[in-house]
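Here is the structure we will look at.
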Amino acid sequence: MGCTAEDVAAALRAAAETVAEHKSELTDLDRPIGDGDHGENMHRGFTALTASLAEAVPETPGAVLKLAATTLISKVGGAAGPLYGTALLRAATALGQEQELDAAAVKKALRAGLDGVVARGKAEVGDATMVDALAPAVEAADRVDADDVAEVLAAAADAADEGANSTTPLVARKGRASYLGERSVGHLDPGARSTALLLRTFAEAAR
Ligand code: ADP
Ligand code: MG
Ligand code: MG
1 MGCTAEDVAA ALRAAAETVA EHKSELTDLD RPIGDGDHGE NMHRGFTALT
51 ASLAEAVPET PGAVLKLAAT TLISKVGGAA GPLYGTALLR AATALGQEQE
101 LDAAAVKKAL RAGLDGVVAR GKAEVGDATM VDALAPAVEA ADRVDADDVA
151 EVLAAAADAA DEGANSTTPL VARKGRASYL GERSVGHLDP GARSTALLLR
201 TFAEAAR
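Everything in the sequence shown is counted per our numbering, starting at 1 for the first residue and increasing by one.
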């Protein structure tokens, strides 16, 4: 059995809780290398998304992701809003009218999301951004053979954790942190951390 629109909505509600729990952590990560607003930005967006989902859950998984995309684009702001929004919009488009998502659909959505972030932000792996969490997550998801959404997302979440942690020793080459040059070394990228948190939440929701 695959993930329905209702399952996707539940995963996004869980993500909103995770973001609320980690709001200060994300903002603290953004303070030394950015402008100290990543937790607030994400929290504002996911709070609005929870409110929209409480009014009505769209009928397909893709339509739910599209609602998430437009809500995050309009509410998160900063760099992360358009990047996460584009990821979700591309994922939604990749899913089309599919009613239930199997492992292959989830892999396809993750890949489309990564392509969207890269198209929008032009970051490569090693630039110390959310791409450092998302790109290895997509690769790890693709390596899972089983037709098991939870397994695919668990592999993605594990790789995203490792990828996020890999940003600490890097010189940031995109976004605000890049303005610091070498002084960005030694700091975990906030967007990579939020990506890892979101994927972990989706993996747990799929179990
Ligand atoms: P802002 O920097 O505008 O205040 P946020 O603090 O909400 O926005 O988000 C910052 C995060 O956005 C960074 O930690 C990084 O992961 C991500 N980011 C910024 N620029 C890019 C980019 N060009 N490509 C990918 N991710 C980026
Ligand atoms: Mg910021
Ligand atoms: Mg900002």
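Note that beta-carbon positions come from the ideal geometry of N, C-alpha and C, so glycine has one too.
His22 CB to nearest heavy atom of ligand 2 below 6 Å
no
Is Leu188 helix, strand or coil by DSSP?
coil
Which partner residues of Leu101 appear in the DSSP bridge assignment?
Looking at the DSSP assignment, Leu101 forms a beta bridge with Cys3.
Since Gly163 and Ala133 should fall inside the 8 Å C-beta cutoff, what is the C-beta to C-beta distance between them, to a whole number of angstroms?
4 Å
Taking a cut-off of 5 Å, which residues have a beta-carbon closer than that to any heavy atom of ligand 3, in chain order?
Qualifying residues come out as Asp35, Asp37, Gly78.
Between the Cα of Phe46 and those of Gly36, Glu17, Arg193, spot the shortest distance and give me the residue it belongs to.
Glu17
Kindly list the residues whose CB is nearer than 8 Å to the CB of Ala103, restricted to its own chain and excluding five residues on each side of it in sequence; keep chain order.
Val144, Ala146, Asp147, Asp148, Val149, Glu151, Val152
Please state whether DSSP places Lys75 in a helix, a strand or coil.
helix
CB-CB under 7 Å to Arg120, same chain, minus the five flanking residues each way: which ones, in chain order?
Pro82, Leu83, Thr86
With a threshold of 6 Å (Cβ to nearest heavy atom), would Asp147 be considered close to ligand 2?
no
Using the Cα positions of Leu72 and Glu182, report the straight-line distance between them to the nearest angstrom.
31 Å
Helix, strand or coil for Ala91 per DSSP?
helix
Hey, would you say Gly34 sits closer than 7 Å to Arg176, going by beta carbons?
Judged by their CB atoms, Gly34 and Arg176 are nearer to each other than the 7 Å cut-off.
Please list the segments of the alpha helix (DSSP H) lying wholly inside the region 120 to 196, counting only runs of 4 or more residues, in order along the chain.
131 to 143, 149 to 165
So is the beta-carbon of Asp158 under 6 Å away from any non-hydrogen atom of ligand 2?
no
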